[in-house]
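S.K.: Numbering (my numbering), first residue to last: 234 to 367. Dropping a structure here in structure tokens format, bear with me for questions.
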Amino acid sequence: MGVHFTAGLRMLVGCEITSVSAITSHVDKTLPPPDIISSNFNLENGCSGVFVLVASSRSPKIFWRVVGLKGTVQVERQKQDGKHGYTVLFYGADGKCNSSFYPFCGVNEELKCFVHDISKATLKVIKDPNFMSV
């Protein structure tokens with residue numbers, strides 16, 4: 234699960250992570266470990282940040298915060314007007330905060346692309362009954 238959130242962080246900041254210090258837990262045995270992550274990280278551009286993930290609750294929490302010389306950006310999974318999504322806060326060097334909410338779209342677009350690609354694919358039959366290629 235964490236790999237997707239690491240990819241999200243890399244997309245958010247546009248650079249690589251150089252070091253991480255984390256504490257993890259495995260509370261809900263129906264989920265793969267870890268289901269709770271609390272971490273501090275450093276980026277190759279000199280910024281540092283915090284990533285927290287709590288998957289083992291009725292209201293899963295995902296939280297990124299990156300602090301730099303020109304400001305701070307924070308992304309947090311929340312619910313607004315009954316819609317799940319992400320609130321993005323940007324604190325500029327002047328201390329002013331800009332906030333935006335982006336409704337969570339789930340995997341709808343990814344599923345549309347997957348179904349489209351499969352509908353256009355041709356099946357190649359191979360004599361090995363354990364092998365199927367598209």
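Using N, Cα and C, we set each Cβ at its ideal position, and we do this for glycine too. Every value quoted in this text rests on a predicted model; they were computed, and no experiment measured them.
Going by CA-CA distance only, name the one from Val285, Gly304, Ala288 and Thr355 that's closest to Phe323.
M.R.: Gly304
S.K.: Straight-line CA distance for Ile256 to Lys353?
M.R.: 45 angstroms
S.K.: Any contact of the segment 309-321 with the segment 334-350, i.e. 3+ C-beta pairs under 8 angstroms?
M.R.: yes
S.K.: Count the other CB atoms, across all protein chains shown, that sit within 10 Å of the CB of Phe274; report buried if there are 16 or more and exposed otherwise.
M.R.: buried
S.K.: Can you give me the C-alpha to C-alpha distance between Asp261 and Lys294, rounded to a whole angstrom?
M.R.: 15 angstroms
S.K.: Quick check on DSSP: helix, strand or coil for Cys338?
M.R.: coil
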